Structure formats: structure tokens, C-alpha cells
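Residue numbers (this note's numbering): 1357 to 1698.
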């Protein structure tokens, strides 16, 4: 357990609010919004191919059976995959995060408004960083799809290529580079040339792995939760893994991706998930005491062995001022969170 840090009382107004903290909060919010907007806009430009970029033109072998599978409807549609990536974690965090903050603070006589503010800040930070990582992941997937230009398993069904079959008998294995897709739906034809990596796999692995790790971290930080939910948590995490596998395998069954496409998408989603959690979201995920220490000034009871007005037999004006602020009806918002599991 760590003692609370003393703040300069000149930074606090009559209501005990830290003016520097308020400025940092607003400036941080502005920077967050600008950063997220830039990444989100770039992601949308790639996902919807605003600049009408064409995938790399790749030929095929005449006897390549791997791209001659029939067309099948999606088991998991693009809309459903997007909903999984965007909505599932925020919904989970909306219920878990306030409960977690309340559990940490309920025994410290905090006001409901203070608890609500901390919960909202924690929820906002986690969701914003999660969406930021997801937007970056989608940008990477879209860029690689265009650059690789790998043909989907149902490429022939979508493209209906017109080519000179006599070229199939030439030396060199009958590789066809000169062909024309007779399908007039150019968007569908372009999509048939963007098999690697799987966007569905990356989205599902990113979202479900993120949720599984998030629940594991929150349970490790609360002893009572570990005791009460020691069987429920592994069950939920197993279901999340199964859901991710289901989405991945459905892309192979629907003839939309080759197995290596799904594997590549899963790796991209997993890597971005781990980076988002353990690099970008580390402070928000593992420790919310920083948010709480900036709400109002406080002195932890264990911080001092003597009276706050007397340290080593002498008066201490800073401690005395802090003590008077804490007793002016403000909440003592210092509390201890179990040590980080990572």
C-alpha cells in the first residue's frame, strides 16, 4: 500500500478542486479527441476505400482448385463483424467498470458523485483506447488486403474470368495474367481479390481476446470477485474463445478465405489487442488511483504516524491546510487498490 502524495495547497480552490488537474483533464480530453478522430478518419478512408484504390492484380494458375469454390452467403455478415468489434467491449465495460470502481471505493465514505466521476473517467479511457486500437487494426488489415491482392476461394464465382484457355497448355504451368472479369459488379470483383488477411478474424480475435483479458485483470484486482466468480470467469473466457474460433472458421466454411488468411487475420488482431492492453491502456487498465488522486486533495490515514498538525513536534502549515480542506466537507478520495497482476 502506498501513502498519498502531498499536493501544493495553492493549486486548490476554496472547494478543494485542483486547478492544475482541471486544466490537465480538459487539455487531455482535447488531445484524445483529436488523436482518435485522426486515426478513425484514416481507418474509414481505408475500410471504405474512399480513394478508390485497386487491389494488386494477381494472376492465377489454370488448375488452381483453391480459387474455384462456389459462392456461399456469409454466416457472419460484415455488419455483424463490425458490431462485434465496436459494441461488445463497451457494453461489457459499461457494466463491469462502475461495479469495479464502486467495489474499490465503497468502504472509504466517498460520495456517489465522486464514485460516478471516477467510473466515467475509467470507462471513457478504456473504451477510447480500445476503439483507437481497433481503428488502427482495421487500417492495417485494409492496407495489407490491397497490397497483397490474394484471390479468394470463390474468386472464379465472383469474377467469371474470360481468358485464353490455350495459355493453360504452355510451358511454365499455365499461369494466366491476361484475363478479364466478366462480372459487371466491380466492387464485388475487387473484393474477390482481397482475401489476405481476414478482416472478420482480426475483428473477432481483437474484440473477444480484449474482453477475456480485461475480465481477468479486473478479477485479479478484486479478491472477493476472485472468490465469488472463480468458476464463472473461466467459463465466460472459454465462451469468448469459442466465439472467436466460430467467426474464424465460418470464413473458411463460407469460401471467403483460405486457412492462412484466417490465421493471418487472427495474428493481426491478437498483436493489436496485446499492444492496446499492455502498452496503450496499461494505466487505465491496471490502476485507477491516478484518476482518483486528482479529484480532491486527501491525506491517507496511514500516511502519517502523528497528528496532521504536528510532525516531529513542529507545526506544518501545508499539512494543516490540507487537513482543513479535507475536513471542509470534501471527500477523502484516497484508497488502496491491490497490486498490479502484471
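Quick reminder that beta carbons are idealized off the backbone N, C-alpha and C, glycines included.
Since this is a predicted model, take the numbers as computed values, not measurements.
Suppose the cutoff is 8 Å on Cβ atoms and the five residues either side in sequence are ignored; what does the same chain contact list for residue 1442 look like?
1487 and 1490
I need the boundaries of the alpha helix (DSSP H) containing residue 1478, first residue and last residue.
1468 to 1504
Taking all protein chains shown into account, decide if residue 1406 is buried (16 or more other Cβ within 10 angstroms of its Cβ) or exposed.
exposed
Please check the pair residue 1510 and residue 1548, which I expect to be a contact at CB under 8 Å, by giving their CB distance rounded to whole angstroms.
7 Å
With distances taken between CB atoms, is the gap from residue 1449 to residue 1482 smaller than 8 Å?
yes
Identify, in the order they occur along the chain, each residue of the same chain with its Cβ nearer than 7 Å to the Cβ of residue 1618, setting aside the five sequence neighbours on each side.
1554, 1557, 1604, 1607 and 1608
Rounded to whole angstroms, how far is the Cβ of residue 1422 from the Cβ of residue 1614, which I believe are closer than 8 Å?
The Cβ separation is near 7 Å, so the contact holds.
Rounded to the nearest angstrom, how far is the Cβ of residue 1568 from that of residue 1596, given a contact under 8 Å?
Yes, residue 1568 and residue 1596 are in contact; Cβ-Cβ is about 5 Å, under 8 Å.
Name the two residues that bound the continuous alpha helix (DSSP H) containing residue 1454.
1434 to 1461
For residue 1565, count neighbouring C-beta atoms within 10 Å of its own C-beta (all shown protein chains included) and say buried if the count is 16 or more, exposed if not.
buried
Could you give the DSSP three-state label for residue 1426: helix, strand or coil?
coil
Pull up the distance between the alpha-carbon of residue 1334 and that of residue 1594, whole angstroms please.
Coverage of the chain is limited to positions 1357 through 1698, which leaves residue 1334 absent and any answer about it impossible.
Leaving out five residues before and five after residue 1559 in sequence, what residues of the same chain have Cβ atoms less than 7 Å from its Cβ?
1437, 1440, 1441 and 1625
Could you have a look at residue 1657 and say whether DSSP puts it in helix, strand or coil?
Low confidence applies to residue 1657: its pLDDT is 35, below 50, so where it sits in the model is not reliable enough to give any reading.
Do residue 1541 and residue 1519 count as a contact pair if the criterion is CB distance below 8 Å?
No.
Quick one: grab the DSSP three-state call for residue 1531.
In the structure shown, residue 1531 sits in a strand (DSSP, three-state: E or B).
May I have a chain-ordered list of the alpha helix (DSSP H) segments no shorter than 4 residues that lie completely inside the stretch 1530 to 1559?
1542 to 1547
Can you find a C-beta in chain D that's less than 8 Å from the C-beta of residue 1434?
Looking for chain D here will not work: only one protein chain is present.
Where does residue 1546 land, buried or exposed, given buried means 16+ other C-beta within 10 angstroms?
Residue 1546 is buried by the Cβ-count criterion.
Leaving out five residues before and five after residue 1484 in sequence, what residues of the same chain have Cβ atoms less than 7 Å from its Cβ?
Hits under 7 Å: 1388 and 1392.
Quick one: what's got a C-beta closer than 7 Å to residue 1532's C-beta in the same chain, skipping five residues either side?
1415, 1416, 1418, 1519 and 1523
In chain order, which continuous runs of the alpha helix (DSSP H) of length 4 or greater are located wholly inside the stretch 1611 to 1635?
1615 to 1631
What residue from 1629, 1627 and 1408 has the CA that sits closest to residue 1502's CA?
1408
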